[in-house]
Amino acid sequence: MGAARPTHDGSNDVIEDAWWQGSRHIPLSHAGERDSEGDGYRSVQFMKVLFASAEAAPVARVGGLAEASGGLARSLRRTAVELSIVLPDYGDVALPNESSFELSVPDWATPATVRVGEAPELGEVHLVSVPGMARPHPYVDETGEGWPDNDQRFFAFGAAIASLAHELGADVLHVNDWHTAAALAFSRLPSVYTIHTLGYQGAADPAWLDRLPADVAEAFRQYDAANPSAGAIRLADKIVAVSPNYAKEILDPARGAGLHELLADRTEDLYGIRNGIDAELWNPSTDPVLSTPYNAKTVARKADSTAALAKQLGWPTDPTQPIIGMVTRLVEQKGIDLALGMVPLLEGMNARMVILGSGAQRLTLWGHQLADEHPDRFAFVDGYKLDFAHLIFAGADLFLMPSRFEPCGLAQMQAMAYGTIPIVTAVGGLVDTVSDADRAEGGTGFVSETIDGMGMVDATHRAIRAWGVLKRRRAIQRAGMGVDWSWTAPAGEFVELYESIT
């Protein structure tokens, strides 16, 4: 590989061919304070972390990366960490009372401009503009194909992140997924790299290696391509997968997306930290969408939301027929074909199903066709409507997630927060968050050990049987509602990780 990981021993570790001189590690900011013995000073430390992502809700939102980045960032701001957030400037966000300044970046990345201002929910954010970054969609054109210059856009963004970290005097640089990984080529700060989905790596023409600092360029070479994810795995001080089980899965050749050997070399620095959910947004006791709020003690009131959901779908209220819900992207990863394959079986299960989502045209057309064929049993709603998603999480009795892979998953935690019993496959973070009620005391859902139609049908049958016994239904609901799915604990784990590398 030829490029050593950086050290942070306080020596002059400036990148030799960086475009500025001064990117050496800056120690933690501190104020001198006399200790209790009166013979010295102890440091009061204020850790400055620059948190970089391509998405963070609600400012830039495409998928799960936005929810995870936004949720973690908001929670970190409630800790002792002094957090700065940097996102690409896609050109569609106005920041009240904003200021701006230029960043020093390589010639091929100029001009790089930062807008700074207050964003709803996130607080202060830094939006970085580099050539070509402003687009109607962050990653793809109107046909769904990736923008042909995504390599230029996000390598330049990486260079700008490193420059901003220097300008802000950051102590730690935390980058998320491949879009921000190139920052580690241009920075020697202690760093954390979070892998949200390893399958997306940003591999680009190897000519990009010539634009990276010579002492680390080879770290980004993988299978004769310039691979930001590979570079970050080699250079980051700590690597985090978004659930403990996903951290194990990506070491397997079958799930490591070609990078399992690199990760195997870094197992001592590889961690699994579960994502969280926004416990204020996803809370049935305060949800403004619901006409009848409820909590674990008053979960019987959930029936009002079930009736409201049935009414909106044009179905009669029937407390003997559970409604199975699904809120998802329509992609193969999510096992949509397995869910749609169950629709003709719903009558025999005495159940109904609603799917809310958008994505692949083939799956969308199939969903509409099945809804036309089974109007009393199945409803398909194309698109994503936040209020309707809330109603599904509250009104559905069971929640289906037949994922083929799921690094962490958020929907199963949102469902459990609403007392909606999840039915999932045994992959990724679903293993860490859902325990099978037929196999464990205090179980929170039902798990298919196989990723196929037969396994999901069996798990769904088991869930329906349990749901039909009120005492058992309430026990499973309350077990899931009793878990703290918020970002509080995960944020604390990240703070400990930051402290371990500074």
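Position 250 of the sequence shown, counting from 1, maps to 231 under our numbering, and the rest follow consecutively. Yeah, the Cβ is synthetic: ideal placement off N, Cα and C, and Gly gets one too.
How would you label residue i, buried or exposed, when you count the other beta carbons within 10 angstroms and need 16 or more for buried?
i      : result
Thr178 : buried
His118 : exposed
Glu14  : Confidence in Glu14 is poor, its pLDDT being 40 and thus under 50, which makes the residue's placement unreliable; the coordinate value appears in the next sentence. Per the 10 Å Cβ criterion, exposed.
Gln350 : exposed
Val479 : For the record, residue 479 in the displayed sequence is Tyr; it is not Val. By the 10 Å Cβ count, Tyr479 comes out buried.
Thr161 : buried
Thr401 : buried
Gly212 : buried
Pro297 : exposed
Val464 : exposed
Ala61  : exposed
Trp89  : exposed
Arg446 : exposed
Leu367 : exposed
Glu422 : exposed
Ala299 : As written in the sequence, residue 299 is Asp, which differs from the Ala given in the question. Per the 10 Å Cβ criterion, exposed.
Asn331 : exposed
Thinking just about the alpha-carbon of each residue, which of the options is nearest to the one in residue i?
i      : options                           : result
Leu451 : Val280, Gly340, Ala320 and Val109 : Val280
Ser266 : Glu242, Tyr399, Arg59 and Asp196  : Tyr399
Ser384 : Gly426, Leu319 and Arg247         : Leu319
Asn131 : Ala47, Tyr181 and Ala444          : Tyr181
Ser65  : Leu103, Leu321 and Thr273         : Leu103
Arg58  : Trp189, Phe27 and Phe82           : Phe27
Ala277 : Ile482, Arg454 and Pro225         : Arg454
Asp433 : Phe427, Gln458 and Thr406         : Thr406
Asp73  : Asp191, Thr414 and Ala115         : Ala115
Thr441 : Gly364, Thr469, Asp419 and Trp296 : Asp419
Val95  : Ala163, Leu321 and Val67          : Val67
Val428 : Val438, Asp417 and Met435         : Asp417
Ala137 : Thr175, Pro300, Ala35 and Ala54   : Ala35
Gly322 : Ile304, Thr301, Gly424 and Leu344 : Leu344
Ala470 : Arg443, Gly253, Arg333 and Leu327 : Gly253
Leu84  : Gly98, Met330, Val109 and Pro69   : Val109
Val268 : Gln395, Gln203 and Phe32          : Note on residue identity: the sequence assigns Asp, not Val, to residue 268. Measuring from the Cα of Asp268, the nearest candidate turns out to be Gln395.
Val221 : Ala460, Leu244 and Pro112         : Leu244
Thr425 : Ser339, Met397 and Phe380         : Met397
Val86  : Arg310, Leu193 and Val156         : Leu193
Thr483 : Asp152, Ser80 and Gly113          : Asp152
Pro112 : Gln458, Glu105, Ala93 and Glu123  : Ala93
By the three-class DSSP mapping on this structure, what secondary structure does residue i have?
i      : result
Lys29  : strand
Tyr174 : strand
His11  : Its pLDDT being 35, under 50, His11 is placed unreliably in this model, and the value from its coordinates should be taken loosely. Strand at His11.
Glu123 : coil
His355 : coil
Gln314 : helix
Leu498 : Here the chain covers residues -18 to 483 and nothing more, so residue 498 does not appear.
Phe167 : coil
Thr94  : strand
Met462 : helix
Thr273 : coil
Leu251 : strand
Gly3   : Bear in mind that a pLDDT of 34 at Gly3, under 50, signals an unreliable position, so the number given afterwards is only what the model happens to contain. Coil, per DSSP.
Ser224 : coil
Met334 : strand
Lys292 : helix
Lys219 : strand
Ser467 : coil
Glu36  : coil
Leu344 : helix
Asp88  : helix
Thr309 : strand
Leu381 : strand
His147 : helix
Ala245 : helix
Could you check how far apart the C-beta atoms of residue i and residue j are, in whole angstroms? I think they sit under 8 Å.
i      : j      : result
Trp259 : Gly52  : In the sequence on display, residue 259 carries Asp and not Trp. Indeed, because the Cβ distance is near 5 Å, the residues count as touching under 8 Å.
Leu154 : Ser168 : 6 Å
Pro388 : Val223 : 5 Å
Pro209 : Trp159 : 4 Å
Ile336 : Met307 : 4 Å
Asn226 : Val30  : At roughly 26 Å, the Cβ-Cβ gap does not stay under 8 Å, so Asn226 and Val30 are not in contact.
Leu290 : Gly364 : Rounded, the Cβ-Cβ distance is 17 Å, inconsistent with contact.
Ala146 : Leu170 : 6 Å
Tyr275 : Ala217 : Between Ala217 and Tyr275 the Cβ distance is about 43 Å, and since that is not below 8 Å, they are no contact.
Gly390 : Gly410 : 5 Å
Ala238 : Ala207 : That belief does not hold up - the Cβ atoms of Ala238 and Ala207 are roughly 16 Å apart, past 8 Å.
Phe380 : Ala392 : 7 Å
Phe135 : Ala166 : Rounded, the Cβ-Cβ distance is 12 Å, inconsistent with contact.
Exercise for review: Within the stretch 384 to 456, note down every full beta strand (DSSP E) run reaching 3 residues or more, in order along the chain.
Suggested key: If we require 3 residues or more, the beta strand (DSSP E) runs fully inside the stretch 384 to 456 come out as 402 to 406 and 427 to 429.
Point to revise | Length-filtered (3 minimum) beta strand (DSSP E) runs lying within the stretch 43 to 76 | key: Fully enclosed beta strand (DSSP E) runs of 3 or longer: 63 to 69.
Exercise for review: Within the stretch 171 to 216, note down every full beta strand (DSSP E) run reaching 3 residues or more, in order along the chain.
Suggested key: The DSSP assignment places complete beta strand (DSSP E) segments of no fewer than 3 residues inside the stretch 171 to 216 at 172 to 176, in order along the chain.
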